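Here UniProt numbering is used: position 7 in the sequence shown is 7, and no number is missing along the way. Ideal Cβ positions, reconstructed from N, Cα and C, are used throughout, including at glycine. Owing to the predicted nature of the structure, the values given are computational and were not obtained by experimental measurement. Just below is one structure, and these are the notes that go with it.
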Amino acid sequence: MGETPRLVASDIDGTLLDDERTISPRTRDVLARLAARGTPVVLVTGRPIRWLELVYEQLTEPLPAICANGAVVYDPATDEVLRADPLAPDLLAEVARRLRAEVPGVSFAVEIVDSREMRHEAHYPLRWDADTDLIRAIESPEELHSAPAVKLLARAGEQDPDAFVQVVAGALRGLAEATHSSYSGLVEISAAGVTKAAGLAWYCARLGVDERDVLAFGDMPNDVPMLTWAGRGVAVANAHPAVLEIADEVTAANSEDGVAAYLEKVFGVG
Numbered sequence: 001m002g003e004t005p006r007l008v009a010s011d012i013d014g015t016l017l018d019d020e021r022t023i024s025p026r027t028r029d030v031l032a033r034l035a036a037r038g039t040p041v042v043l044v045t046g047r048p049i050r051w052l053e054l055v056y057e058q059l060t061e062p063l064p065a066i067c068a069n070g071a072v073v074y075d076p077a078t079d080e081v082l083r084a085d086p087l088a089p090d091l092l093a094e095v096a097r098r099l100r101a102e103v104p105g106v107s108f109a110v111e112i113v114d115s116r117e118m119r120h121e122a123h124y125p126l127r128w129d130a131d132t133d134l135i136r137a138i139e140s141p142e143e144l145h146s147a148p149a150v151k152l153l154a155r156a157g158e159q160d161p162d163a164f165v166q167v168v169a170g171a172l173r174g175l176a177e178a179t180h181s182s183y184s185g186l187v188e189i190s191a192a193g194v195t196k197a198a199g200l201a202w203y204c205a206r207l208g209v210d211e212r213d214v215l216a217f218g219d220m221p222n223d224v225p226m227l228t229w230a231g232r233g234v235a236v237a238n239a240h241p242a243v244l245e246i247a248d249e250v251t252a253a254n255s256e257d258g259v260a261a262y263l264e265k266v267f268g269v270g
């Protein structure tokens with residue numbers, strides 16, 4: 001990519017946010033200046049829609065978001081889902097069947113209603129979610145796959161995430177995508193072909209932006225497809241080894257405003 005990028009795509013957690021899950025004033029102001037000059041900025045995240053408000057309230061204005069690792073494209077200006085690519089109920093049932101057979105003690109949760117709600121098995125450990133109106137335990141195993149889900153979440157106690165995702169991916173090969181974005185042993189499962197790259201490609205095509213003109217930032221394995229697809233893929237210094245290995249460039253860590261520093265340099269908006 002020799003020219004100035006036409007679109008900026010960034011992961012949220014571990015990339016745009018610091019270690020306290022906040023957006024620094026420097027980062028907020030750089031993003032606002034890019035918007036003012038007409039350069040689209042899109043958030044590309046594993047987060048569900050219902051977790052975006054915690055980010056939006058820290059920005060000058062909400063940004064479009066590709067959620068659930070590419071399964072949902074969301075416009076905050078209209079509160080509209082522009083595209084969703086969920087796992088169908090019969091596919092969910094087969095995925096759950098295979099993983100129960102392969103992974104002792106596995107427990108599941110599903111992101112439904114375009115990731116505005118979650119349903120989880122009683123023994124699935126909740127981390128961030130506590131909203132009882134949107135988050136509910138299922139009453140029977142069949143309820144897990146009673147509706148389409150934009151993401152299936154799998155845990156099996158404390159696991160090495162890199163090893164665990166390989167086990168899950170092996171069990172689901174050809175059936176669904178498996179990735180991870182944390183160090184807590186959580187595996188995130190999407191429909192086959194659904195990745196951050198696929199969701200971003202759809203969004204860019206809608207705007208008429210070529211992949212060569214996209215600048216993308218990330219830090220975890222679920223960012224790898226997006227960073228390899230984009231014309232320029234940049235890892236923050238705190239990124240997972242798999243991301244550092246494939247990145248075109250490395251910027252400063254998330255705790256040091258790495259995304260903002262890189263954008264200031266490329267766009268001259270510092």
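query, result
"Outcome for Y74 when other beta-carbon atoms lying within 10 angstroms are tallied against a minimum of 16", "buried"
"Sequence-distant residues of the same chain with beta carbon closer than 8 Å to E61, five excluded per side", "A32, A35"
"T195 in three-state terms, based on DSSP", "coil"
"Opening and closing residue of the beta strand (DSSP E) in which D90 lies", "Taken as a continuous stretch (DSSP letters only), D90 belongs to no beta strand (DSSP E), being part of the alpha helix (DSSP H) at 89-102."
"A137 to F267 span [Cα, whole Å]", "47 Å"
"Extent of the continuous alpha helix (DSSP H) run through Y262", "258-267"
"Beta-carbon proximity check, G199 vs A71, cutoff 8 Å", "yes"
"Start-to-end residues for the beta strand (DSSP E) that takes in L7", "7-10"
"Under the three-state DSSP convention, the category H145 falls into", "helix"
"Inter-residue CB distance, P40 and L207 (contact presumed, cutoff 8 Å)", "6 Å"
"Beta-ladder partner(s) of E80, from DSSP", "D75"
"Inter-stretch contact at 8 Å, needing at least 3 Cβ pairs: the stretch 77-95 / the stretch 16-30", "no"
"Cutoff 8 Å: D19 Cβ touching any chain D Cβ", "Of the chains in the structure shown, none is chain D; there is only one protein chain."
"G208 CB to nearest heavy atom of the ligand ZN below 7 Å", "Here there are no bound small molecules, and the ligand ZN is not part of this structure."
"Presumed contact (8 Å Cβ cut-off) between V214 and L7, rounded CB distance", "5 Å"
"Three-state class that DSSP yields for S107 in the structure shown", "strand"
"Same chain only: Cβ atoms within 8 Å of A21, ignoring 5 sequence neighbours per side", "Note that residue 21 corresponds to Arg in the displayed sequence, not to Ala. Excluding positions up to five away in sequence, the list reads D13, L54."
"Exposed unless 16 or more other CB atoms sit within 10 angstroms - verdict on Y183", "exposed"
"Buried versus exposed call for Q166 [16 or more other C-beta atoms within 10 Å across all chains shown]", "exposed"
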